[in-house]
Amino acid sequence: ESDSIQLLSANANKKVPFDAEYKMKYNLADFFNIDKEKITFQLKDIFQHIISEGFKAENRDLTYYSDFVFKDDFELAIKFDKEVKLLEDAVDNKVENDFGFFTYKFEQLDDKTISISTNHVQLQESVEATEAYLIEQIFSIIEEIENKKVVIQLSKGC
14 ESDSIQLLSA NANKKVPFDA EYKMKYNLAD FFNIDKEKIT FQLKDIFQHI ISEGFKAENR
74 DLTYYSDFVF KDDFELAIKF DKEVKLLEDA VDNKVENDFG FFTYKFEQLD DKTISISTNH
134 VQLQESVEAT EAYLIEQIFS IIEEIENKKV VIQLSKGC
């Protein structure tokens, strides 16, 4: 356990579907690359989406079996003590099919606050090989977003 991570509260339902909510406080400096003008980071360092990395539907002969169906919501609001600017336009995107869906949103809430949220829902425990392209559609967009560099411009004097 890292000294920079602190569990503030935990609430878990002991009945199916095992809903759980955790509120944590941690030092994001461990995940950020910070220089005088900007902060950069990747979502894979902060959010842990459940996917089979590098999943390919091509030449697949076997049914895909997942360990479980689920819904994961991640939200990160970063409030700075000085003005900042998200160096891309607000992004709000969604991919949805019979296997599930994934949405993500990057936005600047005000002059000092950036918000990043994702929602990943897997609806099926198994998918026939002929339908594996549905899995690839969702997993590939998640990998793309996780590997995207988020860049935040610092105002002068930060």
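If you read the sequence shown in the working numbering, its first letter stands for residue 14, the second for the next number, and so on.
Glycine is no exception: its CB is placed at the ideal position from the N, C-alpha and C atoms.
These numbers come from a predicted model, not from an experiment.
Exercise for the section: Determine the extent of the beta strand (DSSP E) in which Ser128 is found, giving its start and end residues. Expected result: Element bounds for Ser128: 126-135.
Could you tell me the alpha carbon to alpha carbon distance between Leu89 and Ile129, rounded to whole angstroms?
Between Leu89 and Ile129, the C-alpha separation is close to 5 Å.
* Contact belief for Ile59 with Ile155 at Cβ below 8 Å, rounded distance in angstroms -> For a cut-off of 8 Å, the C-beta gap from Ile59 to Ile155 is around 14 Å, too long to register as a contact.
Quiz prompt | Beta-bridge pairing of Tyr78 - partner residues as DSSP gives them | solution = Beta bridge pairing from DSSP links Tyr78 with Ser139.
Exercise. What is the C-beta distance between Phe45 and Glu149, in whole angstroms, given that I count them as a contact (C-beta under 8 Å)?
Worked result: Between Glu149 and Phe45 the Cβ distance is about 31 Å, and since that is not below 8 Å, they are no contact.
Query raised in the report: Whose CA, out of Asp94, Leu167, Val140, Glu159, lies closest to the CA of Leu75?
Result: Nearest of Asp94, Leu167, Val140, Glu159 to Leu75, Cα basis: Val140.
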